[in-house]
Amino acid sequence: MIQIDLAGTWRLTSAFLEQPINGRVPGSVYFDLLQAGMIPDPFVGDNEYAVREVMRHDFTYMRTFMINASELHHPEIVFEGIDTVSEIRINHQLLAQTCNMHRRYRFDLRDFLVEGENEIEVVLRSPIAYIEERTAFFNRRFYHAGDAMRGFIYLRKASSMFGWDWGPQLPDAGIWRDIYIEDHRFARIDDVRVKQTHSSEEVVLDIWVDSEVIHPDSTGMISLELEDPSVKSIGSYAQALKNHNHFQVLISEPQLWWPVGYGDQPLYTVRLSLHFDGLPESEKTMRIGLRTIEIRQDVDPWGKSFAIHVNQVPVFAKGANYIIEDNLLARQTYDTTRDLLTAAASANHNALRVWGGGIYPPDYFYDLCDELGILVWQDLMFSCAVYELSDAFVSEIEHEVTDNLQRIRHHACLALICGNNENEVAVTSWHVPNEKLSQELYLRQYEQLIPLWVEKASPELFYWPSSPSSGGGLDEPNSEERGDMHYWGVWHNNEPITGYRNVNPRFMSEFGIQSFPCIETVSYFAQPEDLNIFSYVMECHQKNQTANDKILQYIGKLFRYPKDFPSLLYVSQLIQAEGVRYGVEHWRRQYGRTMGTLYWQLNDCWPVASWSAIDYFHRKKALFYHSRKFFAPLMISIEEKDTEAGIWIVNDRLSDIEGILQWELMDFSGHVIEHGTLSAIAKKQSATLITKRMFSLSQVEKWNRVLRVIYRTCTSEQVENQVSFAPDKHLRLIRPEIKTRLIQRDESRYECQLESAHFAKYVVISFPVDGVSYSDNYFHLFPNEKRTIEICSMNALQEAEMEIQSLFDTYV
Ligand code: BMA
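Count the sequence shown with the working numbering and you get residues 7 to 818, in order.
So this is what it looks like as C-alpha cells:
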C-alpha cells in the first residue's frame with residue numbers, strides 16, 4: 007500500500023482575505039486566521055460576534071502534491087473529516103460535494119490524477135449562508151435549542167458550534183481530520199468487527215473482516231496476530247483472503263477489563279494484515295478489553311432498574327457530561343484530552359456521557375477511556391431539536407451512524423449508544439411547534455431507522471433511544487421509575503438545592519448548577535473595568551439568559567453577599583460544588599435504587615460562566631475537588647434534617663469493610679461538646695445507615711457548631727465528612743489564622759503544611775502561576791490539626807507568593 011499524507015501547509019484564500027495565507031491541515035479556518043493575525047481572539051471580550059460574521063464567507067484550501075502514476079493501481083482519497091459544506095476539486099475537476107462533518111469520505115481518484123504535479127482544492131462554503139438558505143427553503147417551524155443559530159438542524163455539523171447555553175456562536179470550518187491518498191494493489195481492509203463471548207474460564211473472539219478485493223484473480227492471505235496485555239503473542243492465524251473472512255479465537259484465562267475502582271484495565275491487541283505474494287499490503291490494529299457490558303432493567307419495588315453491569319457486576323456510574331473541548335476544534339490534541347480525562351479519573355469519575363450536541367470524539371478519546379477505565383455513554387449527535395427527515399438527510403445520518411459505530415464499537419469503554427439528547431422529552435412534554443408531526447419524525451428517526459443501523463453495525467451494543475428516556479415510545483421519558491433522568495428543577499426552575507432530595511431517579515444522567523470560572527480565566531476575556539458580573543463583557547461570557555442573576559440568587563440561599571468580585575467568583579463555585587455534592591450524596595445513599603449520577607458538565611469549550619467542573623484552561627473549580635470526595639468508592643454522607651444527623655457509609659467496593667466510626671460535635675475553636683465512637687461495617691455495594699444522632703441545639707449553637715465524622719477502616723483507610731445545622735451564611739466563623747509552610751520535595755513536587763487555630767471552611771491554596779496542581783483544594787481545616795496538601799508545579803514556587811483563602815475572607 008502506498009499512502010500519501012496530505013496534512014501540512016496549504017494555501018488559504020477567501021474574499022475575506024486580501025491575499026492568500028498559510029493554512030494548516032488538519033485544522034480550521036478560525037485557527038488559521040487567528041495564527042495569521044487576520045481575526046482577533048474570538049474568546050476575548052465580545053470578539054465572538056465579529057468573528058462569527060467572518061463565516062459568512064467561503065474559504066478555499068489548496069495545495070499541490072506529486073504523483074508517480076505508474077506506481078498506482080487503485081488510488082483513493084480519504085477525508086476523515088470535513089467541516090462541513092464543501093466542494094472538492096482535483097486538477098480543477100469536481101470530485102465531490104460534502105455536507106456532513108460527522109462522517110468519513112472516501113473517493114476514487116482513478117480518473118482525476120495526472121503524472122507529476124497535481125492540485126487539490128477544497129472550497130468550504132459558508133455554514134451560516136447554508137443554514138439560512140435551508141431554513142428559508144423548508145419554511146416550517148420545528149423545535150430547536152434557542153441559544154443556537156436558527157437553522158442548525160439542517161446541517162450535520164456540531165450543533166454547539168452554532169452556540170449553546172454555554173457556548174459561543176462560532177461556526178468554524180475546515181478540513182478538521184486527517185486527509186490522505188491511499189493506493190492498494192490488491193485489496194484493503196474495509197471493516198473489522200469483534201464479538202466477545204464470555205464463559206466462566208474463557209473468552210471466544212469472533213473476528214469478522216470485510217475487505218475490498220481489488221484484484222479478484224490475485225491470491226492473498228489475511229493473518230491475525232493476537233497479543234496479551236503484556237504484548238506477548240498468544241496466537242497467529244492465517245487464511246486465504248476473501249471479501250468476508252472470519253476468525254474464531256479462544257482466549258483461556260482471560261484478563262478482564264474493569265472500570266476504574268473495580269479492577270484493572272488490561273488491553274489485548276488484535277493485529278490484522280494482508281499479504282500478497284509474501285509481500286505486506288496493509289495492516290489494521292485495534293486494542294480490545296475483555297469484558298461484558300449489559301444495561302440491566304429489572305422490575306423491582308421502585309419500578310424498573312437501569313444499571314450498567316460489567317462482567318456481571320453492577321457498577322454505580324459516577325461521572326459527568328462531556329462536551330466539545332474547544333470551539334476551535336483544531337486546538338484539541340491528544341495531550342489536552344489526556345489531561346482532562348486523567349483529571350476526571352483521578353477524581354473518581356468512572357463514567358462520562360458524550361453529549362449529543364457536539365462531535366463524535368477522536369479515536370484517542372476512546373483509547374484513553376479504555377486505559378483509564380472510564381465507561382462511555384455515547385449519544386449520537388442529535389440534540390434539542392426536531393429534524394426534517396428528507397431522503398438526503400436520512401442517507402447522511404445512516405452513513406454517519408454506521409461510520410462512527412464501525413470506528414468505535416470495539417472499545418472496552420463503550421457502554422451504550424443513545425439516540426439523542428432530550429429530543430424525546432421535548433416532543434412529548436415541551437409543547438413544541440408542530441407537535442404531532444414532530445412526534446412522528448422522532449419515532450421514525452430514533453425508533454425505526456437508527457435502531458436498524460445500530461443493530462446492523464454492532465448487534466452487541468445496547469441502544470437506548472434518548473436521554474432521558476424510559477425506553478421509548480414517547481412514554482414518560484423523564485420518569486423517576488424507569489430509565490435515565492435529567493433533573494433541572496434545581497437551577498433552571500430555581501428550586502433550592504434541597505430539591506434534589508425529592509427526586510429518586512434510577513439513573514441521573516444530567517443535573518447541575520452554574521458557577522463563574524476563577525479570576526485568572528475571567529481576566530483572559532475581561533478587562534479590569536469589566537470585572538462586574540453584570541458588565542457587558544461578563545454577560546457576553548454567560549450564555550444562559552439571566553443566569554448571572556440566578557447565581558446570585560443561589561448564593562443568597564447558602565452564603566453571604568461576597569465582599570468583592572474575586573470573592574463572588576469563589577463563592578459562586580461553592581454553591582455549585584455544594585449543590586452537586588448534596589444531590590450526589592443523596593443519590594448514592596440510595597444505592598440500588600439509583601445506579602448512576604452524571605452531573606452536567608465536565609468541561610468547557612471556551613472561557614465562560616457555566617456548569618463545568620474544569621474550565622476551558624483546565625483550571626479546576628471547587629466542584630472538581632468536591633467530586634473526588636463525593637465520588638470516592640468509600641464515602642461518608644451525613645443526611646442532616648434540622649438537628650438530626652443520619653450517618654451513612656456508602657461502599658461501592660465488592661467486599662464488606664470493617665472500621666471504626668467516630669463523630670464529634672465541636673465549636674469553631676475545636677472544643678468537643680459531644681462525641682461518640684462505634685464500630686461499623688460498610689456493606690459491599692450498598693449504602694448503610696450506621697447511626698442517627700439527634701442534637702439539641704439552640705439557635706445560637708446551630709450557628710457555632712460543626713459535626714465531624716471520620717471512618718477509619720481496618721486497613722487504615724480514612725474518609726470523613728462534616729455538616730453544620732445552619733446554612734453557611736449563618737455560621738459565625740472565627741478568623742481562622744491559618745499557618746502554612748511550603749516544603750520543596752523535588753524539582754516539581756512540593757508539600758504545603760497547614761494548621762488553623764479555628765475551623766476554616768473551603769480553604770483554597772493558589773499561586774499566581776499556571777500549571778500547578780493540588781492534591782486537594784476547597785477543603786476544610788479543623789482547629790489545631792495539621793494537614794498536608796501535595797502540590798506539583800512545572801514552575802518554581804515561592805512561599806511568599808502562595809495565597810490562602812477561606813470562606814471567612816469573603817466577608818467584609
Ligand atoms: C441540558 C443539556 C444541554 C444544556 C444543559 C444546561 O439539558 O442537555 O442542552 O446545555 O442542559 O442547560
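Just so you know, even glycine gets a beta-carbon here, dropped at the ideal spot from N, CA and C.
Keep in mind it's a predicted model, so treat the numbers as computed, not measured.
- Bridge partners of A246 according to DSSP: M227.
- Between the ligand BMA and the CB of E516, the shortest heavy atom gap is smaller than 7 Å.
- A Cβ-Cβ separation of about 10 Å leaves W383 out of contact with C419 under the 8 Å criterion.
- Ranking L684, D662, M700, N657 by CA distance to the CA of A651 puts M700 first.
- Rounded to the nearest whole angstrom, the C-alpha separation of H764 and V35 is 55 Å.
- F388 is classed as buried because its beta carbon has at least 16 other beta carbons within 10 Å across all chains shown.
- Checking the 7 Å criterion, the Cβ of G363 is within range of a heavy atom belonging to the ligand BMA.
- The beta-bridge partner set that DSSP reports for D306 consists of G309.
- Taking a contact to require three or more Cβ pairs closer than 8 Å, the region 571-578 and the region 477-484 do not qualify as touching.
- Relative to the ligand BMA, the nearest heavy atom lies less than 7 Å away from the CB of W617.
- A straight line joining the alpha-carbon of L422 with that of I771 spans about 39 Å.
- Contiguous beta strand (DSSP E) elements confined to the region 651-732 occur at 663-673, 678-688, 692-700, 711-719, 724-729, taking only those with 3 or more residues.
- Residue range 14-19 is occupied by the beta strand (DSSP E) that includes W16.
- As the crow flies, the alpha-carbon of I620 is around 14 Å from that of V778.
- Using a Cβ distance threshold of 8 Å, N550 and D47 do not count as a contacting pair.
- Below 8 Å, too few C-beta pairs join the region 600-609 and the region 638-654 to call them touching: fewer than three.
- The three-state secondary structure of H736, taken from DSSP, is helix.
- With respect to the 8 Å criterion, G379 and N410 are not classified as neighbours on the basis of their beta carbons.
- With a 10 Å radius around the Cβ and a threshold of 16 neighbouring Cβ atoms, T721 comes out exposed.
- For the pair of segments examined, the region 146-164 was found to touch the region 389-402: the number of CB pairs separated by less than 8 Å reaches three.
- Cβ-Cβ separation between R359 and P523: approximately 22 Å, too far for a contact (criterion under 8 Å).
- Annotation for P457: the continuous alpha helix (DSSP H) segment containing it runs 456-463.
- L381 is positioned such that its CB atom lies closer than 8 Å to that of A323.
- For F143, the uninterrupted alpha helix (DSSP H) run begins and ends at 133-144, by DSSP.
- Between the ligand BMA and C424, a heavy atom-to-CB distance of less than 7 Å is absent.
- E535 counts as exposed, since fewer than 16 other beta carbons sit within 10 angstroms of its beta carbon.
- Your pair L374 and T343 checks out as a contact, with CB atoms roughly 6 Å apart and the cut at 8 Å.
- In the structure shown, the three-state DSSP call for V60 is helix.
- With respect to the 8 Å criterion, A13 and I27 are not classified as neighbours on the basis of their beta carbons.
- A straight line joining the alpha-carbon of R488 with that of L660 spans about 25 Å.
- In the three-state DSSP reduction, F37 falls in the helix class (H, G or I).
- By a beta-carbon distance limit of 8 Å, A350 contacts G325. Their separation comes to about 7 Å.
- The beta carbon of V237 is closer than 8 Å to those of T275 in its chain, skipping five residues each way along the sequence.
- In chain order, Q579, L580, A583, Y784 place their CB closer than 6 Å to the CB of A628, counting only its own chain and leaving out the 5 sequence neighbours on each side.
- Q412 sits in a helix when the DSSP states are folded into three classes.
- Distances from the CB of D385 to the heavy atoms of the ligand BMA are all 7 Å or more.
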